[in-house]
Each structure stands twice: as C-alpha cells, then as structure tokens.
C-alpha cells in the first residue's frame, strides 16, 4: 500500500538462511500461519473464513510502513510465513535473497490475475517468480472538498497538487485548516518531481534540487507529516488536505459518512500524473510454514475472497474474476480503477541505487527539520 517508498536499502545485505525446524511434521505446519501485513488490509471475515475452511490458525501482525517490514526481514528470521512489501521494496529484497520462489503448482487460482498487472509486477520480480499481486493503487491528494472550496472559492485549482505545493494557494488553506504530507520521501518526492516537470522515475541530482526548492517554499504551510498508512486525520478534521493513498482516502470518505462527521472527503489523482504502486504477497526464505502460505495465497486469489477485501479496503485488486463481484461504485471510480486517459499519466517507481536513496533521505530530513 502503499503506504511507504523511502528507499532504505543502502548497504543492504540480508544474511538469510532457510531455518526450517528439524523434525517439524507436515501436520504441525498445517495448523499455523504467521502473517505480517499492512494494518486494516483484509475484510472482516477474510482470516476467520480461512481458518474455518482449513483448520489453520492464523496470527496477523500489522505494520504501517515498508521500513518496519524491512527491519524485520533484516533480522534474518522474521518469524513470518507471508509478508506484503510494496513493489520497489520487494525488488531490492528479491535481489538480496530474502524470499522463496513460488511453487505455482500450488496456486491454480493464478489464472484469474490481470496479465497487464503481472507484466508491471515483473519489473520488480522478473518472471513473477516470487510475488503475487495483492492490492494496487495510486498516491494522490485527499481533501475536504466543502471546506477547501469555501476557503478558495472561484480560485479552487484544477490540479489538486496546487493545494499543497503552490504557496499562494497553500497559504490560504493553512490559515484555516491543516495540510499534511505522508512521512515518506519516496512517496512525496516523485510527486514533487512530476509537479515541477522533472522525471520522477530516473531523476538527476539537478531534478531533485528543483523539487527540493519547491518543497521548501511550501514547507511553512505543512502542518503535519503523517506517519501512518490511513487517512484518519481527514476524518477527525486535523487536516483538510493531504497526500495519501487512494484506498486509504476513499475509505476515510466512507467512514466519515458512516460516522456522520459532516466531511466531504474526496480523492484526486493529480492531473500532472502520479505513482502507481502494488503490494505483493511473498514468502520469506525463513518461513516455517510455506505450504500454508501457498494455501493462503491461493485462497486470496479466489475472486469471491479478494472482492470482499477490495470492498472493505477500497483498494483495487489484480483479479479479473473479482470485478463482477465488487461494489460497482468502486469498479467505476476512475480514481480507484483509472481509465485509459488517467493510466497514461501514471508511473511505476523503481528501486533506487544506494546513492539515490541517501540523497532522498537527506532532502527529506532537511525538509522536515526546516522551520515552518
């Protein structure tokens, strides 16, 4: 989800080994499955239904950033059987030997996956040997439309990135309500690069300098760096504009209506374009229950199961068979399932070189440290 993309791989060298317990029986494996996934990333009955169907007891621990997952994998034995990294993190972790190859003979439901999304995932996982796509989405702008429109009136911009990055507009908003950025360099910097007309996929040092200068001008109007993958700050009214993840902001909109919070929360893919990301299901090399992990992946690949997850999380999935089972309001929303015109504006991030990761880190720390 993502949720994430601060590249934290400089000098990464995972000393991972296959640590299956000697003498562990097949029966023991069939009873346990340890999952490490983003928070609030299943439907309410996803895990309980799997347990009822298989008898496998599931432990689900949650994290709110790829960096947290990364630190677990770096320990060597994470203790988990299945994890959900975002595509650019997954690419580096595959290169580091962190995961098992999939046994596709145990995954007959792979037949439901969108071949176009599999091709995109292959940029991070050549040959789709290690990962199966779970949810995917974009990074864009969530805002309280009624509140922001009341502040700006006829000056409401067409390009939603102006709400955050144009000081003349952001200053007016910040005088009345909060503006927030995800606390992630690799989420925000590509958007900043695209906003200033620079290459967000393979930027040069001079490209970063231009984006940094723009962000520093906008910094006085940034109220909060959001360190979670949800958008509760929009529901609570702490923020009225934020950079966030498509599903999180659409879910916040739904929750606000259910709670009768009088919020008009909407999500926009910026007209200048944005990041497209996906989270993959991968099995750590140290997994002690790989057969159970395969069983769970195949269960998630069932159209009826993943359709419920998308309906609950408001994220798009990669399963073509699930579309007819999903909420039509979700499938027909071009900010969740972008139309061809919007798709042409999207880009997929790649894993950065260590030097680029360090540069992004310095820019981000400098931005956060600068006084508003």
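Numbering (our numbering), first residue to last: 229 to 600.
Ideal placement from N, C-alpha and C gives every residue a C-beta, glycine not left out.
- Comparing alpha carbon positions, the residue from 540, 392, 354, 518 closest to residue 555 is 540.
- Contact holds between the stretch 350-370 and the stretch 529-549, because three or more Cβ pairs, one in each stretch, are under 8 Å apart.
- If the five residues before and after residue 491 are omitted, its C-beta is found closer than 6 Å to the C-beta atoms of 372, 484, all from its own chain and listed in chain order.
- In the three-state reduction of the DSSP assignment, residue 284 falls in the coil class, being assigned neither a helical nor a strand state.
- Cβ-Cβ distances below 6 Å link residue 593 to nothing in the same chain once the five nearest sequence neighbours on each side are left out.
- Shown here, residue 261 sits in a strand according to DSSP, grouped into three states.
- Here the alpha carbons of residue 397 and residue 281 stand approximately 54 Å from one another.
- In the DSSP assignment, residue 598 falls outside any beta strand (DSSP E) and carries neither an H nor an E.
- Residue 455 and residue 553 have their alpha carbons spaced roughly 33 Å apart.
- In this structure, the CA atom of residue 468 is about 43 Å from the CA atom of residue 330.
- Residue environment analysis places residue 368 among the buried positions, since at least 16 neighbouring C-beta atoms fall within 10 angstroms of its C-beta.
- Bounds of the alpha helix (DSSP H) holding residue 537 are 531-541.
- In the pairwise beta carbon analysis, the stretch 436-446 is classified as touching the stretch 384-404: at least three pairs are separated by under 8 Å.
- A straight-line Cα-Cα distance of about 49 Å links residue 378 and residue 337.
- Only residues of its own chain outside the window of five on either side were considered, and among them 544, 558, 559 have a CB closer than 8 Å to the CB of residue 565, listed in chain order.
- Nearest neighbour of residue 325 by Cα position, chosen from 472, 511, 577, turns out to be 511.
- Residue pairing by DSSP puts residue 360 in a beta bridge opposite 509.
- Its chain contains 346, 349, 350 as the residues whose beta carbon lies nearer than 7 Å to that of residue 356, once the 5 sequence neighbours on both sides are disregarded; these appear in chain order.
- Judged by beta-carbon spacing, residue 458 lies beyond the 8 Å limit of residue 289, meaning their Cβ atoms are not closer than that value.
- In its chain, beyond the 5 residues on either side, 261, 309, 310, 511, 515 have a beta carbon closer than 7 Å to the beta carbon of residue 521.
- Selection 297, 453, 476, 502 evaluated against residue 460 yields 476 as nearest (Cα-Cα).
- Taking C-beta atoms under 8 Å as the contact rule, residue 527 and residue 278 qualify, at a distance of about 5 Å.
- Judged by DSSP in its simplified three-state form, residue 403 adopts coil rather than helix or strand.
- When rounded, the separation of the alpha-carbon atoms in residue 438 and residue 587 is 13 Å.
- Distance between residue 453 and residue 317, taken at the CA atoms: about 21 Å.
- In the DSSP secondary-structure assignment, residue 266 is bridged to 291.
- In the structure shown, the three-state DSSP call for residue 308 is coil.
- Taking C-beta separations shorter than 7 Å and ignoring five residues to either side along the sequence, the partners of residue 400 in its chain run 379, 380, following chain order.
- Scanning the stretch 426-458 for uninterrupted alpha helix (DSSP H) segments of 4 residues or longer gives 433-446, listed from N- to C-terminal end.
- DSSP places residue 493 within a strand segment (E or B) once states are collapsed to three.
- Among the bridge pairs identified by DSSP, residue 327 is matched with 512.
- Annotation: the continuous alpha helix (DSSP H) that includes residue 558 extends over 556-559.
- Within the stretch 556-592, the complete alpha helix (DSSP H) segments at least 4 residues long are 556-559, 568-571, listed from N- to C-terminus.
- Under the DSSP definition of a beta bridge, residue 547 partners with 341.
- Boundaries of the alpha helix (DSSP H) around residue 475: 474-486.
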